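Residue numbers (UniProt numbering): 1 to 462.
Glycine included, every Cβ here is placed at the ideal spot set by N, Cα and C.
These numbers come from a predicted model, not from an experiment.
Worksheet: the structure to be examined is printed underneath.
Structure representation (structure tokens):
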């Protein structure tokens, strides 16, 4: 009778979905979880973990599924925490806000804007949940600004035994710092307290420059504005430098050229790349044409911070991104350019994105211990078509590895736990905390097996 009551409790507490297939946003990874649970409350999270123990299942949390990797994939329980998106507290004097971990960044941006507040920095998209962004080291750009997790003051974490921990730098620094970039393997984050700032505008100026100019004046560019990023259009010397400066000037609306930006810039680009899947030699020409069409003239704008930071990442894609000490970035880019020139049959889509992040003390952060440059490469999947990326990825990863690079946790890479241990001074300390909080490995999956536990498994690709 007791067992039947427990089964009934399982069935009544939250919505359950069976026979589901999860795909990430780009449709490059998928899995078939035994059960999808839709948590409505923190108590539901505790119950979901209990169910996982009872039925001997693994449990992974999913947000938007925007990560271009199998970090969320599981054959056990997939726990959706979208409903954990309420605001618990706002402190206007201290500029602090406490929110549910399932809130999406775009929801948080709108909420903060309504209050006259904003996040200190932001990445290129705002589709992710705050918990997902924290757990994978999501970042924006600006050499004086840290990853999003560096804004967290406190968080609540439900661990494997069902206990709820409230962690902060003051009360439990080791656990707190480990949880700030935890890859979802320490427990389930349910609530986050953030340090925010008064709302601000960004004045952005985007200019075309040549590759040589980018390299020769690299340091001066990086230090010249609050937020700086480069885009390089491979198989050419074409680059752009984007600089964003905080300003009190009022936002300026600009007329969008739908014909150029959307019809030709998006649909034309996808159609051209589709043709290149049969004729790869078209790619260098496509890269030059998209630069000439959309990026060959200077552009400036003033807007609310989150509107300026974010942009459309277009359509399905493979991406990888590694972090290196920012002073090594010119060497990496010169080597990557030489690699592509030496291997003309290897094609690289545009753009290669170059961003910057301040050093931090978060053990598993890609920016741990030094100011960082992130170099991201991309291969689009036009209309869902597969593209050959293996040789490009291998060459890029070899260059980044040789310079002490650390791969972005949210993005596909091939480093093992042994490789990563050499790149993260606190790797073993993090693993010890993980073992203590999750002794039965309930929060693991193939991704964690490969990259943290030294148990190689294949990724859950389509």
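(request) Could you name the residues of the same chain whose beta carbon sits closer than 6 Å to that of residue 382, not counting the 5 residues immediately before and after it, in chain order? (result) By one-based count along the chain shown, residue 382 stands at place 382. These residues qualify, in order along the chain: 270, 273 and 274.
(request) Find out if the Cβ-Cβ distance for the pair residue 245, residue 276 is shorter than 9 Å. (result) As a first step, residue 245 must be located in the chain shown, where it is residue number 245. As a first step, residue 276 must be located in the chain shown, where it is residue number 276. It is not a contact, given that the beta carbons lie outside the stated cut-off.
(message) Quick check on residue 67: does DSSP put it in helix, strand or coil?
(response) Within the chain shown, residue 67 is the residue found at index 67, counting from 1. Looking at residue 67 - three-state DSSP - the assignment turns out to be coil, as it is neither helix nor strand.
(request) State buried or exposed for residue 311, treating a residue as buried only when at least 16 other CB atoms are found within 10 Å of its CB. (result) The residue you call residue 311 lines up with position 311 of the chain shown. With fewer than 16 other Cβ atoms within 10 Å, it is exposed.
(message) Restricting to Cα atoms, I'd like to know which of 452, 92, 437 and 28 is closest to residue 114.
(response) Position 114 of the chain shown holds residue 114. When only C-alpha atoms are compared, the closest one is 92.
(request) Please confirm whether residue 322 and residue 219 have their CB atoms less than 9 Å apart. (result) Within the chain shown, the letter at position 322 stands for residue 322. Within the chain shown, the letter at position 219 stands for residue 219. No, they are not a contact pair.
(request) Please classify residue 439: does DSSP put it in a helix, a strand, or coil? (result) As a first step, residue 439 is located in the chain shown; it is residue number 439 there, counting from the start. Looking at residue 439 - three-state DSSP - the assignment turns out to be coil, as it is neither helix nor strand.
(message) By DSSP's criteria, residue 323 is part of a beta bridge. Which residues make up the other side?
(response) Looking up residue 323 in the chain shown gives position 323. Bridge partners of residue 323: 374 and 406.
(message) Just to confirm before moving on: does the CB-CB distance between residue 135 and residue 77 stay below 9 Å?
(response) Counted from its first residue, the chain shown places residue 135 at position 135. Counted from its first residue, the chain shown places residue 77 at position 77. Their beta carbons are not under 9 Å apart, which means residue 135 does not touch residue 77 by this criterion.
(message) Considering only their Cβ atoms, is the gap separating residue 155 from residue 122 smaller than 9 Å?
(response) Locating residue 122 in the chain shown gives position 122, where the first residue counts as 1. Locating residue 155 in the chain shown gives position 155, where the first residue counts as 1. It is not a contact, given that the beta carbons lie outside the stated cut-off.
(message) Quick check: residue 351 and residue 206, are their CB atoms within less than 9 Å of each other?
(response) As a first step, residue 351 must be located in the chain shown, where it is residue number 351. As a first step, residue 206 must be located in the chain shown, where it is residue number 206. No, they are not a contact pair.
(message) Excluding the 5 residues flanking residue 164 on each side, which residues of the same chain have their C-beta closer than 8 Å to its C-beta?
(response) If you number the chain shown from 1, residue 164 lands on position 164. So the list reads 42, 46, 156, 157, 158 and 190, once near-sequence residues are dropped.
(request) Report the three-state DSSP secondary structure of residue 22 (helix, strand or coil). (result) On the chain shown, position 22 is the one that residue 22 refers to. Strand.
(request) Please classify residue 360: is it buried, with 16 or more other beta-carbons within 10 angstroms of its beta-carbon, or exposed? (result) Along the chain shown, one-based indexing puts residue 360 at 360. That one is buried.
(request) Can you check DSSP and say which residues form a bridge with residue 190? (result) Position 190 of the chain shown holds residue 190. Answer is none; residue 190 lacks a bridge partner.
(request) Specify whether the stretch 362 to 376 and the stretch 136 to 147 touch according to this definition: at least 3 beta carbon pairs, one from each stretch, less than 8 Å apart. (result) yes
(request) For residue 318, name the three-state secondary structure that DSSP assigns. (result) Residue 318 sits at position 318 when you count from the first residue of the chain shown. Residue state, collapsed to three classes: strand.
(message) If you reduce the DSSP assignment to three classes, tell me which class residue 308 lands in.
(response) Taking the first residue of the chain shown as position 1, residue 308 is located at position 308. Correct three-state label for residue 308: helix.
(request) List the whole-angstrom C-beta distance separating residue 88 from residue 106, where the pair is believed to meet the contact cut-off of C-beta under 8 Å. (result) As a first step, residue 88 is located in the chain shown; it is residue number 88 there, counting from the start. As a first step, residue 106 is located in the chain shown; it is residue number 106 there, counting from the start. With 8 Å as the limit, residue 88 and residue 106 do not qualify as a contact, their Cβ atoms being about 19 Å apart.
(request) Just grab the DSSP bridge partners of residue 353 for me. (result) As a first step, residue 353 must be located in the chain shown, where it is residue number 353. DSSP lists 231 and 376 as partners of residue 353.
(request) Below 8 Å on the Cβ atoms is my guess for residue 356 versus residue 222; work out the distance and round it to an integer in Å. (result) To locate residue 356, count along the chain shown from 1; it is residue 356. To locate residue 222, count along the chain shown from 1; it is residue 222. With a Cβ gap of about 6 Å, residue 356 and residue 222 count as contacting.
(message) Is it the case that the stretch 59 to 74 contacts the stretch 409 to 429, given that we only count it when at least three CB pairs across the two stretches are under 8 Å?
(response) yes
(message) Using C-beta distances below 7 Å, list every residue in its chain close to residue 252, excluding the 5 sequence neighbours before and after it, in chain order.
(response) On the chain shown, position 252 is the one that residue 252 refers to. Correct list, in chain order: 301 and 302.
(request) Helix, strand or coil for residue 113, going by three-state DSSP, please let me know. (result) The residue given as residue 113 occupies position 113 in the chain shown. DSSP places residue 113 in helix when its eight states are reduced to three.
(request) Alpha carbon to alpha carbon, how far is residue 195 from residue 96? Give it in angstroms, no decimals. (result) Taking the chain shown and counting its residues from 1, the one referred to as residue 96 is at position 96. Taking the chain shown and counting its residues from 1, the one referred to as residue 195 is at position 195. If you take the alpha carbons of residue 96 and residue 195, they lie about 5 Å apart.
(request) Quick one: using the 10 Å Cβ neighbour count with 16 as the cut-off for buried, is residue 497 buried or exposed? (result) Only positions 1 to 462 of the chain appear in the structure, and residue 497 is not among them; the question remains open.
(request) Determine the direct distance from the alpha carbon of residue 179 to that of residue 169, and round the result to whole angstroms. (result) Here the question's residue 169 lines up with position 169 in the chain shown. Here the question's residue 179 lines up with position 179 in the chain shown. Whole-angstrom Cα-Cα distance: 11 Å.
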